[in-house]
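> Below is one structure. I have some questions about it.
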Amino acid sequence: MRNAFARTMTRLAQADPRVVLLSGDIGNRLFDDYKSKAPERFLNCGVAEANMTGVAAGMAMLGMRPFTYTITPFVTTRCLEQIRVDVCYHELPVTIVGVGSGISYASLGATHHACEDIALLRVLPQMQVICPADAF
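Numbers given in the numbering used here equal positions in the sequence shown, counted from 1, plus 474.
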């Protein structure tokens with residue numbers, strides 16, 4: 475699914491100059507093709523997910539179409555206030571993408587588990603939650 479997401483992001487960036495991808499310090503090699511085609515629209519925000527969400531909100535206010543991407547608990551629960559206040563209250567077109575749902579990253583410990591993210595996000599105004607999956 476990550477590879478399909480990376481390919482889709484590359485296609486979106488080629489089709490729409492407003493698309494920008496913000497990473498929370500993961501997926502750098504995954505997005506090599508994206509970065510070669512739209513290098514000025516890939517931002518590695520580091521391990522600063524709340525800041526990444528605020529940056530994405532600001533970009534959306536300026537007419538961009540930002541996508542934030544990192545491990546699920548960090549892109550959802552760690553920065554829930556920024557999602558609620560900066561993105562949802564302003565009804566901004568920010569797409570939040572989390573990787574490693576549930577206990578996919580179990581070996582990294584409880585800080586990397588995402589068991590309550592869907593419940594938390596579903597109660598936010600103007601939030602649409604989509605949970606894609608493959609056949610396996």
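Where a beta carbon is used, it is the ideal one built from N, C-alpha and C, also for glycine.
Could you tell me the boundaries of the beta strand (DSSP E) in which F516 lies?
Here residue 516 is taken as the residue at index 42 of the sequence shown, counted from 1. Its beta strand (DSSP E) spans residues F516 to N518.
> May I have the straight-line CA-CA distance separating D611 from Y543, to the nearest angstrom?
Missing from the structure shown is residue 611; the chain here goes from 475 to 610 and no further.
> Could you tell me if Q556 is buried or exposed, where buried requires 16 or more neighbouring beta carbons within 10 angstroms of its beta carbon?
One-based indexing of the sequence shown puts residue 556 at position 82. Answer is buried; the Cβ neighbour count reaches 16.
> Which residue wins for smallest C-alpha separation from Q600, given the options A512, D560 and G583?
The sequence position of residue 600 within the sequence shown is 126, counting from 1. Checking every option, the nearest Cα to that of Q600 belongs to D560.
> Measure the alpha-carbon distance for L504 versus S581 and round it to whole angstroms.
Translated into positions along the sequence shown, residue 504 becomes position 30. Translated into positions along the sequence shown, residue 581 becomes position 107. Their Cα atoms are separated by approximately 21 angstroms.
> Rounded to whole angstroms, what's the CA-CA distance from T585 to P547? Just pull it up for me.
For the purposes of this step, residue 585 is taken as residue 111 along the sequence shown, with counting starting at 1. For the purposes of this step, residue 547 is taken as residue 73 along the sequence shown, with counting starting at 1. One C-alpha to the other measures close to 8 angstroms.
> Should M535 be labelled buried (16 or more other beta-carbon atoms within 10 Å of its own) or exposed?
To locate residue 535, count along the sequence shown from 1; it is residue 61. Label assigned to M535: exposed.
> For P547, which of helix, strand or coil comes out of DSSP?
Residue mapping note: residue 547 aligns to position 73 of the sequence shown, counting from 1. Of the three classes helix, strand and coil, the one that applies to P547 here is helix, per DSSP.
> Below 8 angstroms on the Cβ atoms is my guess for G450 versus A593; work out the distance and round it to an integer in Å.
The requested residue 450 is not part of the displayed model; the chain covers only 475 to 610.
> Which residue comes first and which comes last in the alpha helix (DSSP H) that contains G528?
Looking up residue 528 in the sequence shown gives position 54. E523 to M535 is the span of the alpha helix (DSSP H), which, as asked, contains G528.
> What does the Cβ neighbour count give for E590, buried or exposed, with the cut at 16 atoms within 10 Å?
Against the sequence shown, residue 590 aligns to sequence position 116. Under this definition E590 is an exposed residue.
> Assuming L496 is part of the beta strand (DSSP E), what are its boundary residues?
In the sequence shown, residue 496 corresponds to position 22, counting from 1. V493 to S497 is the span of the beta strand (DSSP E), which, as asked, contains L496.
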